[in-house]
Amino acid sequence: MSTPGRSSPPDGDAALRAVTGLAARLSGTVVVGIALFVLWQAWPALQAVGPLRFVTDAGWHPLAQPAQFNLLPMLVASVAVTLGAMLLAGPLGLFTAIFMTDYAPPALARLLRGVVELLAGVPSVVYGLWGLVTLVPLLAAWQPPGASLLAGILVLALMILPTMVLASHAAIAGVAAEHRLTVAALGFSCAGSLWGVLLPAARAGLCGALLLSTTRALGETMAMLMVTGNVARMPDSLFAPARTLTANIALELAYAMDRHRAALFVGGLLLTALVLALVRLARGLGCAWRHA
Amino acid sequence: MSIHSLPTTTCAEPVPQTALQALDLTVRYRGRAALRGVNLTVADGSVTALIGPSGCGKTSFLNCINRMTDLIAGCEVSGTLSLFGEDVLTDGSNLLALRRRVGMIFQRANPFPLSIRRNLDLPLREYGIRSASERAGRLEQALRDVGLWREVIDRLDDPALALSGGQRQRLCIARAIALEPQVLLMDEPCSGLDPHATAAIEDLIHGWHGRYTVLIVTHNLAQARRVSDHTAVFWLQDGAGTLVEHGPTGALFAAPRHPVTADYVAGRAG
Amino acid sequence: MGSDAVSGGRRARPVIAMLLPLLLAGCGDGGKAATGKLMLTGSSTVAPLALEIAKRYEADHPGVRIDVQTGGSSRGITDARSGVADIGMVSRALKPDESDLVAHAIAHDGIAIIVHASNPVTELSADQIRAIYRGQIATWQAVGGPKRPITVVNKAEGRSTLELFLQHFGLANTQIHASVVIGDNEQGIKTVAGNPGAIGYVSVGAAEYAATHEVAIRLLPLDGIPASTVTVKDGRFPLSRPLNLVTRGQPQGLAGDFIAYARSAAVHDRVRSLYFVPLD
Amino acid sequence: MRDRLSAVAAWGAAGMVLAAFAWLIGDVLWRGLPGLSWQFLVSAPADAGRAGGIASILLATVWILAIAIGTALPLGLATAVWLAEFGHRQPRLQGHVNHALDVLAGVPSIVFGLFGNAFFAVTLGLGFSILSGGLTLACMALPILVRVTGAGLQAVPAELRQGAAACGLTQWTTLSRLLLPAALPALLAGTLLGIGRALAETAALIFTSGYVDRYPGSVFDSARALSVHIYDLAMNVPGGERNGYASALVLVALILCINLATHALARGWQRSMS
Chain A
687 MSTPGRSSPP DGDAALRAVT GLAARLSGTV VVGIALFVLW QAWPALQAVG PLRFVTDAGW
747 HPLAQPAQFN LLPMLVASVA VTLGAMLLAG PLGLFTAIFM TDYAPPALAR LLRGVVELLA
807 GVPSVVYGLW GLVTLVPLLA AWQPPGASLL AGILVLALMI LPTMVLASHA AIAGVAAEHR
867 LTVAALGFSC AGSLWGVLLP AARAGLCGAL LLSTTRALGE TMAMLMVTGN VARMPDSLFA
927 PARTLTANIA LELAYAMDRH RAALFVGGLL LTALVLALVR LARGLGCAWR HA
Chain B
30 MSIHSLPTTT CAEPVPQTAL QALDLTVRYR GRAALRGVNL TVADGSVTAL IGPSGCGKTS
90 FLNCINRMTD LIAGCEVSGT LSLFGEDVLT DGSNLLALRR RVGMIFQRAN PFPLSIRRNL
150 DLPLREYGIR SASERAGRLE QALRDVGLWR EVIDRLDDPA LALSGGQRQR LCIARAIALE
210 PQVLLMDEPC SGLDPHATAA IEDLIHGWHG RYTVLIVTHN LAQARRVSDH TAVFWLQDGA
270 GTLVEHGPTG ALFAAPRHPV TADYVAGRAG
Chain C
21 MGSDAVSGGR RARPVIAMLL PLLLAGCGDG GKAATGKLML TGSSTVAPLA LEIAKRYEAD
81 HPGVRIDVQT GGSSRGITDA RSGVADIGMV SRALKPDESD LVAHAIAHDG IAIIVHASNP
141 VTELSADQIR AIYRGQIATW QAVGGPKRPI TVVNKAEGRS TLELFLQHFG LANTQIHASV
201 VIGDNEQGIK TVAGNPGAIG YVSVGAAEYA ATHEVAIRLL PLDGIPASTV TVKDGRFPLS
261 RPLNLVTRGQ PQGLAGDFIA YARSAAVHDR VRSLYFVPLD
Chain D
10 MRDRLSAVAA WGAAGMVLAA FAWLIGDVLW RGLPGLSWQF LVSAPADAGR AGGIASILLA
70 TVWILAIAIG TALPLGLATA VWLAEFGHRQ PRLQGHVNHA LDVLAGVPSI VFGLFGNAFF
130 AVTLGLGFSI LSGGLTLACM ALPILVRVTG AGLQAVPAEL RQGAAACGLT QWTTLSRLLL
190 PAALPALLAG TLLGIGRALA ETAALIFTSG YVDRYPGSVF DSARALSVHI YDLAMNVPGG
250 ERNGYASALV LVALILCINL ATHALARGWQ RSMS
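Residue numbers (our numbering), protein chains in the order written: chain A, 687 to 978; chain B, 30 to 299; chain C, 21 to 300; chain D, 10 to 283.
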């Protein structure tokens, strides 16, 4: 039992392990690097202005004398459009996913899936354009100025719907394959099996779908910039204009310098912290992330 | 190699060399013992059947021998296990060399999704056999040994997954014996096969007496009686599997010493 | 120097030379002489025009490469000052504290107040506009229009259109009670066109183009003078601005040549096609 | 009763999704088709994008994507391999890497834009360039690539790994000859998914690859990606709408092609796995 001349295999495997291990560490570091870098860029503002003023100033006027840096209205706007969009897209996406697994004839399910995947790939600029040119004027005729939280919620709901549908479809289809025959053999009704067995079994996946869609919604930029009105004021109704944290950055970064620029990075930091909190929440709830 | 070529005799006079010795072998999964305190000695060239109800640690025991336990996250093995006097469990021992000495056949035949030829060629190549003609020779010999040669000679380059269940399992056996192992571990190799294919594999095992040391896990007591010369009975005690009785197959089935064994072989328990 | 770099071509241009001028952080030490490559940064209003002029210049001068990046007039000022950019683009006249830079007008532009085409209001006084933007007048009824709330469209912070507008009407941005804040001209035009109660202000050229291309907006006169490229050209329109290329000191070499070209009659058709007003 | 209600809700939801789709895509088709022609695809933009086509924009987009995928793919593949094949030996590190990737997947694209602008463009001095934009997109695509590739590796039946280990194959051989070929379609699907996501990205590119609409000469040149072009035409160029919508139509068509290719791959994969 000799091992005739060959490069010692464990060495090759050790190298493989070392190289991939390095890659994994690097991949893991990217997000830390991003966070630290954004923090570093935001630091001058945090230091000169102080973190407190980002929530207590009278408004957002970074170029006025004296400058005002209140990010709170934008934080509220970001959270509001995200929540609103989730309230619409969550159930709608779930039912569409249920339709695809349980009710649709196979051909229709395939078509629907193709459609949803296409919608998932449509760039946000296109959604934004549609919102600006078609939706906002409709709203403006009803409740001026049209560009509002509501417009943002509607466009955003439409945008995250595909993510919601695909992720919940994956979750339901995953358990359906396992339990469908058993459930049918036990003589469950269609709705009975759905609400009694499939949805509870797919809970982890569905919760992941919900949180994945939420992070997408929170991060949406260009479409929000185009339809929400961008007024950096605390929104007091659904029909009031609002500026999201993301839109604030996109709107002003190109023109911002020095402390103004750093203040925009504070907004970016806030967004990153929100996402981190969401992912933590997802982990705490035992959600399964699916990247549909 | 010289040991292998010794003719096995039915008389027990010349004490055969010990192939495998387990002392206080314990396997834990994430801290929970699945197999506890196994002491077992297996003679070279013998066929040992491992029987007992499901979940009593037979497969865990098998997995220790070629350290498949390494692949399982959270699996811990303690105690000692030696193969022809060499320690198996030490971290420093050469894992790949060990696995080449110990072939394994699984419950579900698992040919690589490659051609029939590549299924044997790939491990041989890994094994360092550069000469194509030598590899071809070994391939033919292994396929002949498992009785597959005639069935596949004109389609060696077809995908292995196109074979029938019984053929796949024999291909996996050929893949294992092409590497000329000393020990063959078989984990319920016939559980997914029809009686005809099962008989073919049992015939193979019969032919291996003295050539390979075989450990076979089976739930089929009749099969254990047919193919093995020793039998080890595993049982679940205090939540962990353990070895309750071990001895020559004939004696064990005829006069079980342990009450659990008696009930099990009589079909009253398990 | 210029011809050297030009013939040395893209191949020889060291990477470092490309990287250094791009350091946007304002750490460049300036003093960069004209090379085969020009860097223009600044106003997003001037950028499309500068880009078109640059393309034509490049076509006539093979080997020259002119990069145009937007970032607002204040970035144009800063970058030209620090030397990060060879030429800054600024869509307003230089301020007194910017006298270290030299401005070279390449076109004129005005800022027009626009309303929806269906809006019957034909004229607003400066006081009315101020009151509207301060939120003191909230419906069109108060200025002789229909009973409809006014949607005030304002520009985002940092853009010189906003600065100019505020300056002209003596307003501070903190006083403005906007209903919609927009980034670029077209967003303003689309917003007003989609809302019968909206009022906004955008570049005269862009508004004129839209109004003549079936977009539902109308330009309001200012101080009795119609808002159009014609009145901007003859200098009558009160709310107008030069579109400037700015340099630190008199431009030399390639930068000087390019600026001269950008001011010449050879590019007037480009200026017009972007709805700005060419120099005389 | 509950059956009826569930069915109505499901049909209703699907109907609404289809209607929204029809409205949105119909809008783009109706406004974009008039501007679309072969000439549009093969000529460079002129007159600030209102005339000419999008050839240089398409080329720039391909360059940016090539940099992004060229960087993210090896890194993502190696990371997925480590997570799937070696990670269990260092569960803490594995947990950290997974967590970091989950967060990375959720980071808003505008924050990538901020980071890319500050890090690649300013700190590394790459300026507004294809390289800055491509590397920024690489960071964005990384989690997608790791996840989809990892799922592909995990979907390889455990028996295959056991068989390889029992034969004493090295991990390198197991990986290169058995696992990666089996996971290849998933790898390609993940790559396509990443490309699709990157293709639609605007916010992160405006501040990294910039605005220049010429044919790019090198990766250090600034170049305008398709989605940025659409944004600029729609929001900044008077009369740019027609070509903006035509460009959007091209982008949607590209996404459709990518989705179809992904599906074909996935189908082939499922067949080979069964």
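Heads up, the beta-carbon is just placed ideally off N, CA and C, and yes, glycines get one too.
Simplified DSSP state of valine 917(A), which is helix, strand or coil:
As a first step, residue 917(A) is located in the first sequence; it is residue number 231 there, counting from the start. Looking at valine 917(A) - three-state DSSP - the assignment turns out to be coil, as it is neither helix nor strand.
Using a threshold of 8 Å, state whether the C-beta atoms of alanine 130(D) and glycine 136(D) are closer than that.
Along the fourth sequence, read from residue 1 onward, the residue named residue 130(D) stands at position 121. Along the fourth sequence, read from residue 1 onward, the residue named residue 136(D) stands at position 127. Result yes, Cβ atoms of alanine 130(D) and glycine 136(D) sit closer than 8 Å.
Can you give the Cα-Cα distance for glutamate 938(A) and proline 190(D), rounded to whole angstroms?
Here residue 938(A) corresponds to residue number 252 of the first sequence, with the count starting at 1. Here residue 190(D) corresponds to residue number 181 of the fourth sequence, with the count starting at 1. Spanning the two alpha carbons is a distance of roughly 47 Å.
Supposed contact pair glutamine 148(C) and valine 172(C) - C-beta distance, whole angstroms, cut 8 Å
Numbered from its first residue, the third sequence carries residue 172(C) at position 152. Numbered from its first residue, the third sequence carries residue 148(C) at position 128. Cβ-Cβ separation between valine 172(C) and glutamine 148(C): approximately 12 Å, too far for a contact (criterion under 8 Å).
Taking beta-carbon pairs under 9 Å, can you tell me which members of the segment 850-879 of chain A lie near chain C?
Contacts with chain C (Cβ-Cβ distance below 9 Å) from the segment 850-879 of chain A involve no residue at all.
Considering only the beta carbon of each residue, do glutamate 206(C) and valine 246(D) sit closer than 8 Å?
Against the third sequence, residue 206(C) aligns to sequence position 186. Against the fourth sequence, residue 246(D) aligns to sequence position 237. With respect to the 8 Å criterion, glutamate 206(C) and valine 246(D) are classified as neighbours on the basis of their beta carbons.
Anything in the segment 914-944 of chain A with a Cβ closer than 8 Å to a Cβ of chain D? List those residues in chain order, please.
For the segment 914-944 of chain A, the residues whose beta carbon sits under 8 Å from a beta carbon of chain D are, in order, Thr932, Ile935, Ala936, Leu939 and Ala940.
Residues in the same chain with beta-carbon distance under 7 Å from tryptophan 973(A), minus the five sequence neighbours each way, listed in chain order, please.
What you label residue 973(A) is simply residue 287 of the first sequence in a count that begins at 1. A quick correction: the sequence has cysteine, not tryptophan, at residue 973(A). Closer than 7 Å at the Cβ level, and outside the excluded window around cysteine 973(A), lie Ala890, Cys893, Gly894 and Leu897.
CB valine 767(A) to CB glycine 214(C), shorter than 8 Å?
Walking along the first sequence from the start, residue 767(A) turns up at place 81. Walking along the third sequence from the start, residue 214(C) turns up at place 194. Against a cut-off of 8 Å, the Cβ pair of glycine 214(C) and valine 767(A) comes out as no contact.
Residues within the segment 735-749 of chain A neighbouring chain C, beta-carbon criterion of under 9 Å:
Residues Ala744, Gly745, Trp746, His747, Pro748 and Leu749.
Buried or exposed: where does valine 250(C) fall if 16 or more other Cβ atoms within 10 Å of its Cβ makes it buried?
Translated into positions along the third sequence, residue 250(C) becomes position 230. Counting of Cβ neighbours within 10 angstroms places valine 250(C) among the exposed residues, the total staying below 16.
Give the DSSP-derived three-state secondary structure of leucine 54(B) in the structure shown.
Counting from one through the second sequence, the residue named residue 54(B) turns up at place 25. Strand at leucine 54(B).
At least one CB of chain D closer than 8 Å to the CB of serine 713(A): is that the case?
Taking the first residue of the first sequence as position 1, residue 713(A) is located at position 27. Chain D, which has a Cβ nearer than 8 Å to the Cβ of serine 713(A), makes this yes.
Hey, which unbroken runs of the beta strand (DSSP E) at 3 residues or more fall wholly within the segment 95-135 of chain B?
If you keep only unbroken beta strand (DSSP E) runs of at least 3 residues inside the segment 95-135 of chain B, you get 104-112 and 131-134.
Is there a Cβ of chain A sitting closer than 8 Å to that of glutamate 78(C), yes or no?
Here residue 78(C) refers to the residue found at position 58 when the third sequence is read from its first residue. Answer no: the Cβ-Cβ gap between glutamate 78(C) and chain A never drops below 8 Å.
Please report the straight-line C-alpha distance between alanine 826(A) and glycine 161(D), rounded to a whole angstrom.
Reading the first sequence from its first residue, position 140 is the one you call residue 826(A). Reading the fourth sequence from its first residue, position 152 is the one you call residue 161(D). Answer to the nearest angstrom: the Cα atoms are 48 Å apart.
Can you check whether the CB of proline 166(D) is closer than 8 Å to the CB of glycine 277(D)?
Numbered from 1 along the fourth sequence, position 268 holds the residue referred to as residue 277(D). Numbered from 1 along the fourth sequence, position 157 holds the residue referred to as residue 166(D). For glycine 277(D) and proline 166(D), no; Cβs fall outside 8 Å.
Do the CB positions of serine 713(A) and valine 155(D) come within less than 8 Å of each other?
As a first step, residue 713(A) must be located in the first sequence, where it is residue number 27. As a first step, residue 155(D) must be located in the fourth sequence, where it is residue number 146. Remark: C-beta atoms of serine 713(A) and valine 155(D) approach each other more closely than 8 Å.
What would DSSP say about alanine 198(C), mapped onto helix, strand or coil?
Your numbering for residue 198(C) matches position 178 in the third sequence. It is coil, neither helix nor strand.
Between alanine 89(D) and the rest of its own chain, which residues show a CB-CB distance below 7 Å, the 5 nearest in sequence each way excluded?
Looking up residue 89(D) in the fourth sequence gives position 80. Closer than 7 Å at the Cβ level, and outside the excluded window around alanine 89(D), lie Val155, Thr158, Gly159 and Leu162.
What did DSSP end up calling tryptophan 237(B) once you bin it into helix, strand or coil?
Residue numbering aside, residue 237(B) sits at position 208 when the second sequence is read from its first letter. In the structure shown, tryptophan 237(B) adopts coil according to DSSP, grouped into three states.
Using alpha carbons as the reference points, say which of Phe141(B), Ala261(B) and Ala228(B) lies closest to valine 175(B).
By 1-based counting over the second sequence, the position of residue 175(B) is 146. It is Ala228(B) whose Cα lies nearest to the Cα of valine 175(B).
Rank Ala19(D), His108(D), Ala53(D) and Leu140(D) by C-alpha distance to the C-alpha of isoleucine 76(D) and give the top, closest one.
The residue labelled residue 76(D) in the question sits at position 67 within the fourth sequence. Check the Cα spacing between isoleucine 76(D) and each of Ala19(D), His108(D), Ala53(D) and Leu140(D): the tightest is with Leu140(D).
Give a yes or no on whether the C-beta atoms belonging to tyrosine 266(C) and alanine 127(C) are separated by under 8 Å.
Here residue 266(C) corresponds to residue number 246 of the third sequence, with the count starting at 1. Here residue 127(C) corresponds to residue number 107 of the third sequence, with the count starting at 1. Checking the sequence, you will find valine at residue 266(C) rather than tyrosine. Taking 8 Å as the cut-off, the beta carbon of valine 266(C) is found no closer than this to the beta carbon of alanine 127(C).
Assuming valine 312(B) contacts glycine 86(B) (C-beta within less than 8 Å), just tell me the rounded distance between them.
There is simply no residue 312(B) to check, as chain B begins at 30 and stops at 299 in what is shown.
Out of curiosity, what's the CA-to-CA distance linking glycine 915(A) and threonine 183(D)?
Along the first sequence, one-based indexing puts residue 915(A) at 229. Along the fourth sequence, one-based indexing puts residue 183(D) at 174. Taking the Cα positions, glycine 915(A) is about 56 Å away from threonine 183(D).
On the three-state DSSP scale, how would you describe methionine 786(A)?
Residue mapping note: residue 786(A) aligns to position 100 of the first sequence, counting from 1. In the structure shown, methionine 786(A) sits in a helix (DSSP, three-state: H, G or I).
Three Cβ pairs or more, each shorter than 8 Å: is that satisfied between the segment 201-209 of chain D and the segment 727-737 of chain A?
Contact between the segment 201-209 of chain D and the segment 727-737 of chain A is absent: fewer than 3 CB-CB pairs across the two stretches fall below 8 Å.
Which residues, taken in chain order from the segment 63-93 of chain C, show a beta carbon closer than 8 Å to some beta carbon of chain A?
Residues passing the 8 Å Cβ filter: Ser64, Thr90, Gly91 and Gly92.
Please return the same chain residues whose Cβ sits closer than 8 Å to the Cβ of alanine 45(C), not counting the five positions on each side in sequence.
As a working mapping, residue 45(C) is identified with position 25 in the third sequence. Any reading at alanine 45(C) needs caution, since the residue's pLDDT is 33, under 50, leaving its predicted position unreliable; the model's value is listed next. Nothing meets the Cβ criterion.
Name, in chain order, the residues that DSSP records as bridge partners for isoleucine 107(C).
Here residue 107(C) refers to the residue found at position 87 of the third sequence. According to DSSP, which records beta bridges pairwise, isoleucine 107(C) is partnered with Leu60(C).
For valine 246(D) and chain C, any beta-carbon pair shorter than 8 Å?
Counted from its first residue, the fourth sequence places residue 246(D) at position 237. Interface residue, yes.
Between serine 231(D) and chain C, is the shortest Cβ-Cβ distance under 8 Å, so that the two count as touching?
For this step, residue 231(D) is matched to residue 222 along the fourth sequence. Residue-level contact check: serine 231(D) touches chain C, since one or more beta carbons of chain C fall below 8 Å from its beta carbon.
Taking the continuous alpha helix (DSSP H) assigned at phenylalanine 129(D), which residues delimit it?
In the fourth sequence, the residue the question calls residue 129(D) occupies position 120. Segment: none, phenylalanine 129(D) is in no alpha helix (DSSP H) and carries neither H nor E.
Does the distance from the C-beta atom of valine 116(D) to that of valine 717(A) stay below 8 Å?
By 1-based counting over the fourth sequence, the position of residue 116(D) is 107. By 1-based counting over the first sequence, the position of residue 717(A) is 31. Closer than 8 Å, so yes.
In chain D, what lies closer than 8 Å to alanine 102(B) by C-beta?
Taking the first residue of the second sequence as 1, we reach residue 102(B) at position 73. Ordered by position in chain D, the residues that pass the 8 Å Cβ test against alanine 102(B) are His97 and Pro100.
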